[in-house]
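For reference, the structure discussed in these notes is given below.
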Amino acid sequence: MDALSNVSRRQRPVLIGQEPGLLLGDPGQTGVLLIEDWGYEGLCARRSFRMLAELLADAGYPVLRADLPGMGGSTRAPEALVGIADLDLATDAALATLKEEGGCRRIVLAGMGLGSLLAVRRAVRNRSDVAALVLMAPMISGRLALREAQIRSAMIAERTRVPVEAGQAGSVTVAGLSMGPGLVADIRGSSFGEAAIPDGFPVLILPRPGRSGEEEFAAALLAGNPNAASHGFSGYDDLITDPTLAEPPLADFAVVRDWLLRHHAPEPLPAAPAPSRAPSASLAQVSASGRIGGEGYEEEVLVLGRRGNLVGTLCLPTLPGSGAETAKDPAVLFLTAGGTPRAGWALSMRESARALAREGITSLRLDLADIGDSSAVPGAQVPEHYHPRQLEDLADALDLLAARGHARVIATGACSGAYLALRGAIADPRIEAAVCVNLQRFLWDPREKIGNLLRFDHDNTVAYARKLFDRERLLRLIKGEVPVAALLGFLVSRAWTKLERATAPYALGLTLSSRLRRQVQSELAGLARRGLRLDLIYSEGDPGLAFLAPALGPDGRDAARYPGLSVTFLDGTDHNLTPIRARQTVLAHLRKAAGRRPAQTTAD
1 MDALSNVSRR QRPVLIGQEP GLLLGDPGQT GVLLIEDWGY EGLCARRSFR
51 MLAELLADAG YPVLRADLPG MGGSTRAPEA LVGIADLDLA TDAALATLKE
101 EGGCRRIVLA GMGLGSLLAV RRAVRNRSDV AALVLMAPMI SGRLALREAQ
151 IRSAMIAERT RVPVEAGQAG SVTVAGLSMG PGLVADIRGS SFGEAAIPDG
201 FPVLILPRPG RSGEEEFAAA LLAGNPNAAS HGFSGYDDLI TDPTLAEPPL
251 ADFAVVRDWL LRHHAPEPLP AAPAPSRAPS ASLAQVSASG RIGGEGYEEE
301 VLVLGRRGNL VGTLCLPTLP GSGAETAKDP AVLFLTAGGT PRAGWALSMR
351 ESARALAREG ITSLRLDLAD IGDSSAVPGA QVPEHYHPRQ LEDLADALDL
401 LAARGHARVI ATGACSGAYL ALRGAIADPR IEAAVCVNLQ RFLWDPREKI
451 GNLLRFDHDN TVAYARKLFD RERLLRLIKG EVPVAALLGF LVSRAWTKLE
501 RATAPYALGL TLSSRLRRQV QSELAGLARR GLRLDLIYSE GDPGLAFLAP
551 ALGPDGRDAA RYPGLSVTFL DGTDHNLTPI RARQTVLAHL RKAAGRRPAQ
601 TTAD
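Heads up, the final residue of the sequence shown is numbered 604 in the UniProt record's numbering, and it's a clean run with no missing numbers.
Here it is in structure tokens:
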């Protein structure tokens, strides 16, 4: 039987006031509320927290994950939050929702970073329905946490070579995500020590190794609380490196599960009649939350797909005149980039979808399998980026949009999402346009291994070479933490493939790169004959440009051979398009593909 056929592994969208959430697992007396971290760390940990929810649901607990106000699918802008009281209210609402929807009498609050602070604050306010606390990378000092955020912001800006855009006075911005001055001030003044934990209260703390404040807090807690336990959060640093490179700390999560089983074993409610097995058609397993919304749009979180494992957000126009006639217009399908969840880097996909809705354009933001909130397909490659199986996810999304009246679709994505948009346009005629941002490959070379590319070549070649000789990497090399043989093998293979790719236009089909080039050109010609619009957008210096030249010549100068194909270059931006100006350019391309006039001219 398919592992996902177990009802406990099917997520159910719920509304938490006016914020979205996902409930997983069978009803039970004791539930677990997972409270994510804020901003960049929460973005990196999204997939891992879904995996933690799956682990706990399999152990018998109902588990709720809720988007913090301002984050994920929230209707609020992050910089608009007045202060931490907004987050406290959201925590209270999420706990009440879990009790109602999961049948719970007792709730375990499990939070990471800022989420740990919110968990402690809720237990201090009202401990009557809180069974235990799990504090991962606890924010024992808000001032120190903000200092870490500023350091991370500077490191990301250096890595991407894009300066941090100025926000409101007193705000903190990391990777395009801003925390407003009110929330910054409240966090700066927040702290908790062992005295904040009620006497004898069951608590598991996971301090980060080497963070003396957290380790001292854990030691003090263990000394005075017989129901406290501690475990070093050894997987934290690998968890928050980057949304695509993030490694789920499964060993640490297993400790959390085992501790809960010892202290609060699950108590299931009387079983409801088992549902009949749903048919395999991709529309047969759609479930949806109610709708939330803001000015000119409303949204609905959906669980969909032939396996019931995909999660997406449907964004609908609500302005006058945006009724049934909008079904005549194409819908936009946003596909996730790398491991970044469907809200997008710096909330770019979320904000673009809502901007399009205000102009009457429907869209679906989709987490592909094993990205963000969407569960993995049993037995699938990990990670699944660039794998042909992802075309199943694409087809399921197209089926859903067709069922909602949108037979014509514009597919868009960045990086690996751009690749799937292009391959989907080639495979499925329901896609009438594709807007591809920083496309890394036109066609996958079967000699390449995605694991090696992510491990050794995630950044561009110059940046990677620089990292090879930085002090930290050299120390890791000396300690044996870097797989030298695999690294050298990758570098040799990459050099040879690069040379072969450069000769592809002249090899007359005698090399694999030459044959791949011929197939790409044949496919582009086929798209042109179909009348498909294909917009290729590249950041200046992006690694994908190395693959543009073999297909379309230097700087894409041969694009004119294919009617409907355009190539646009953006300066002053990074691979993820962190600057707002760059994202506005992409939005203008989507408007144009949908037949709308540009709202504003943007500089490329």
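Even glycine gets a Cβ: it sits at the ideal position worked out from N, Cα and C.
Quantities reported herein were computed from a predicted structural model and do not represent experimental measurements.
{"Query": "Nearest by alpha-carbon distance to TYR562: which of VAL586, PHE569 and VAL520 is it?", "Result": "VAL520"}
{"Query": "Where THR244 and GLY417 are concerned, what is the direct C-alpha to C-alpha distance, given to the nearest angstrom?", "Result": "12 Å"}
{"Query": "Could you give the residue range of the alpha helix (DSSP H) that holds TYR419?", "Result": "416–427"}
{"Query": "In this structure, how does DSSP classify LEU43 when only helix, strand and coil are distinguished?", "Result": "helix"}
{"Query": "So does the region 422–439 actually touch the region 540–556, counting three or more Cβ pairs closer than 8 Å?", "Result": "yes"}
{"Query": "Who are the near neighbours of ASN576 in its chain, counting only those whose CB is closer than 6 Å to its CB and skipping five residues on each side?", "Result": "TRP345"}
{"Query": "How far does the alpha helix (DSSP H) with TYR236 in it reach, from first residue to last?", "Result": "236–239"}
{"Query": "Sorted by chain position, which residues of the same chain lie with C-beta nearer than 7 Å to SER141's C-beta, five sequence neighbours on each side aside?", "Result": "SER191 and GLY213"}
{"Query": "Closest to ASN319 by CA distance: which of ALA265, ARG262, ALA154 and LEU356 is it?", "Result": "Note that residue 319 corresponds to Leu in the displayed sequence, not to Asn. Cα-wise, what sits closest to LEU319 is LEU356."}
{"Query": "For ARG10, which residues from the same chain have a beta carbon less than 6 Å from its beta carbon, with the 5 sequence-adjacent residues on both sides left out?", "Result": "GLY308"}
{"Query": "In the structure shown, what three-state DSSP assignment does GLU36 receive?", "Result": "coil"}
{"Query": "Can you tell me where the alpha helix (DSSP H) holding VAL184 begins and where it ends?", "Result": "181–188"}
{"Query": "Would you call the region 498–508 and the region 529–538 in contact, with 3 or more CB pairs under 8 Å?", "Result": "no"}
{"Query": "Along the chain, where does the alpha helix (DSSP H) that runs through ASP367 open and close?", "Result": "Where ASP367 is concerned, there is no enclosing alpha helix (DSSP H), although the beta strand (DSSP E) it sits in stretches over 363–367."}
{"Query": "State the DSSP-derived secondary structure class of ILE197, mapped to helix, strand or coil.", "Result": "coil"}
{"Query": "Give the list of continuous beta strand (DSSP E) stretches no shorter than 3 residues that lie fully inside the region 504–592.", "Result": "533–539 and 565–570"}
{"Query": "Do you know offhand how far ALA403's Cα is from THR336's?", "Result": "22 Å"}
{"Query": "Taking the C-alpha atoms as reference points, what is the distance between GLU148 and LEU400?", "Result": "42 Å"}
{"Query": "Identify the continuous alpha helix (DSSP H) that holds LEU401 and give its terminal residues.", "Result": "390–403"}
{"Query": "State the start and end residues of the unbroken beta strand (DSSP E) segment that holds ILE16.", "Result": "12–16"}
{"Query": "Pick out the complete alpha helix (DSSP H) segments inside the region 209–266, 4 residues or longer, and give them in chain order.", "Result": "212–224, 236–239 and 250–263"}
{"Query": "On the DSSP letters alone, give me the boundaries of the beta strand (DSSP E) that ARG106 sits inside.", "Result": "106–113"}
{"Query": "Tell me the start and end of each unbroken beta strand (DSSP E) in the region 306–349 that is at least 3 residues and wholly inside, in chain order.", "Result": "310–317 and 331–335"}
{"Query": "Whether or not the region 204–213 and the region 176–194 are in contact is what I'm after, with contact meaning three or more pairs of Cβ atoms, one per stretch, closer than 8 Å; do they touch?", "Result": "no"}
{"Query": "With distance defined between alpha-carbon atoms, name the residue in LEU422, ASP574, GLN168 and ALA196 nearest to ALA185.", "Result": "GLN168"}
{"Query": "Does the separation of the CB atoms of ASP92 and ARG122 fall below 8 Å?", "Result": "yes"}
{"Query": "Please classify THR173: does DSSP put it in a helix, a strand, or coil?", "Result": "strand"}
{"Query": "Check the C-beta distance from MET139 over to ALA145 and give it rounded, since I have them as a contact under 8 Å.", "Result": "5 Å"}
{"Query": "Are the CB atoms of GLY21 and ALA94 within a distance shorter than 8 Å?", "Result": "yes"}
{"Query": "Taking the straight line between their C-alpha atoms, what separation do you get for LEU453 and THR97?", "Result": "42 Å"}
{"Query": "What is the DSSP secondary structure of THR30, reduced to helix, strand or coil?", "Result": "strand"}
{"Query": "Reducing DSSP to helix, strand and coil, say where GLY296 ends up.", "Result": "coil"}
{"Query": "Got a sec, what are the start and stop residues for the alpha helix (DSSP H) residue 641 sits in?", "Result": "The structure shown does not extend to residue 641, since the chain is modelled only from 1 to 604, so the question has no answer here."}
{"Query": "So, for ARG529: in the same chain, excluding its five sequence neighbours on each side, which residues have a beta-carbon less than 7 Å away from its beta-carbon?", "Result": "none"}
{"Query": "Under a three-way DSSP split, which group does ARG430 fall into?", "Result": "coil"}
{"Query": "Would you list the residues sitting across from ARG159 in a DSSP beta bridge?", "Result": "Paired residue(s): none; ARG159 is not in a bridge."}
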